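Here the structure comes first, spelled out in structure tokens, and everything after it is commentary.
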Amino acid sequence: MLVYIPRELYSGPPPDGLFDSAERYFGARLGRSVEGLRRTLSDAWSGTGDQRWSLALDGMETVGFACGTREGDGLRVNMLYMTGRHNNADSGITLLNRLVHGENRALASGAILSPPAGELGPAMQRAGWSLVPRERRVLLFRDAGLSRPPAIEGHSVRRLRPDDLQVLALIQAAAFHGSPDALVHPALADPFESEAMLEDCLEGKFGRPFPPGNLVARRRDGVTVGFVVSTVEEKEETEQLGFVVSLAVSPIQQGRGLGRLLLARALASYAAAGFAGSSLQVGASNRGAASLYDSLGYRVTENEMAYRLDVQGI
């Protein structure tokens, strides 16, 4: 019989063997290298109080975990993993519930980004989680070439600096307000959480930083109106992609081609670094963003099923 507990009641050593198993499982399932996942999980295990964990025990053996990160008044579920014969919908839902309802304050939302295996997805929907379809898009320079960055009169682009972050957080929160992407990443629409997210990105917590791909767009009068932030995705041993973490333009400046300008400049920086192309994730219903990505040569390579749970109080 499995026992499900929050990390606060767990007295054993870090479940490093389970993290190794998760790295192998997700690498095989996604069909690409996820080298470093074990290290990321170990770092999260020993990290700050913003991390939440629940564990499944079979006697003295740890056979599953769910982990999440607090975002504003909510919790973002980062990963759910159960080993072998324990990998079933009932165990997954119980582990998720232990994680979500272990929070000691109101929960705004949670999300699973990887498509749940087997019956877990339908079981989550029966348990009250709503589906938020997402797309992974990839542009390969050998297929799509490189678009020339447009010139926009009265605007310029420069490298992002740390002292830009407060303004960029306000732009991101305004740009993503009401966006389907904010259903999965609540931090995108919160200025305080946005600033922390951007800081984490520059510090390498979302992947290896790539400063040449971190750019801001400014008007002639010096007002910042948009930005793009990038990291490096290790696709294969000899192939790298520039991953677009966030692309945002101030709502009152949208429709002028600034998003295209920023993304085209970021793509040029990826090509100059010898990357094979670029990747990003976007809500499937965000057709405005999808149209931009289509026009630049991005193509959908995976359909992801994110899930959101709204809870009035705990």
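In UniProt numbering, the protein residues as written are 1 to 314.
From the three backbone atoms N, C-alpha and C, an ideal C-beta is built for every residue, glycine too.
Nothing here was measured: the structure is a model prediction, and the numbers come from that model.
Around the beta carbon of M1, a 10 Å sphere encloses fewer than 16 other beta carbons of the protein chains shown; the residue is thus reported as exposed. Around the beta-carbon of F176, 16 or more other beta-carbon atoms lie within 10 Å, marking it buried.
The beta carbon of P15 lies closer than 6 Å to those of T62 in the same chain, with the five residues before and after it left out. DSSP, read as helix, strand or coil, puts Y298 in coil.
Classified as exposed, A273 has fewer than 16 neighbouring CB atoms from the shown chains inside 10 Å of its CB.
S279 is a Cβ neighbour of F243, given a cutoff of 8 Å.
Within the same chain, Cβ atoms closer than 6 Å to the Cβ of A66 are found at S54, L80, L95, L96 and L99, the five residues on either side in sequence being excluded.
Separation of the CB atoms of L247 and A217 is rounded to 11 Å, and the pair is thereby denied contact status at 8 Å.
Under a 10 Å Cβ-count criterion, G222 is classified as exposed, with fewer than 16 other Cβ atoms of the shown protein chains found around its own Cβ. The residue among Q51, R85 and L309 with its C-alpha nearest the C-alpha of G64 is R85. Relative to E302, the option among W129, V282, A182 and P186 whose CA is nearest is V282.
In this structure, the CA atom of L37 is about 8 Å from the CA atom of F19. By the neighbour-count definition (other C-beta atoms within 10 Å, threshold 16), P13 is an exposed residue. For E234, the closest C-alpha among the options P150, P212 and G207 is that of G207. Apart from the 5 residues on each side of it in sequence, V225 sits with its Cβ closer than 7 Å to the Cβ of A217, R218, R219, V249, S250, Q253 and L258 in its chain, given in chain order. Within a 10 Å sphere around the beta-carbon of H185 sit 16 or more other beta-carbons, which makes this residue buried.
Residue burial is scored here from C-beta neighbours: Q240 has at least 16 other C-beta atoms within 10 angstroms and is therefore classed as buried.
Between V132 and A289, the C-beta spacing is not below 8 Å.
DSSP, reduced to helix, strand and coil, places N97 within a helical segment of the structure shown. The alpha carbon of D164 has as its nearest neighbour, out of R39, D58, L198 and A189, the alpha carbon of L198. In summary, P180 is buried, with 16 or more beta-carbon neighbours lying within 10 Å of its beta-carbon over all protein chains present. Going by DSSP, Q166 is part of the alpha helix (DSSP H) stretching over L165 to A175. Cβ contact annotation for P150 (same chain, cutoff 8 Å, sequence separation greater than five): G257, R260, L261 and A264, in chain order.
Shown here for K205: not one same chain residue has a beta carbon closer than 7 Å to its own, the five before and five after excluded. For V223, no beta strand (DSSP E) run applies, since DSSP gives it neither H nor E.
Taking the Cα positions, A123 is about 27 Å away from D50. With a 10 Å radius around the Cβ and a threshold of 16 neighbouring Cβ atoms, A28 comes out exposed. By the criterion of a C-beta distance shorter than 7 Å, Q172 is surrounded in its chain by L188, S194, S246 and A248, once the five residues flanking it on both sides are discounted. Looking at the backbone, the Cα of R308 and that of W129 are separated by about 5 Å.
For P122, the uninterrupted alpha helix (DSSP H) run begins and ends at L120 to R126, by DSSP.
Spatial neighbours of G154 in its own chain (CB-CB distance under 8 Å, excluding positions within 5 residues in sequence) are listed in chain order as R219 and R220.
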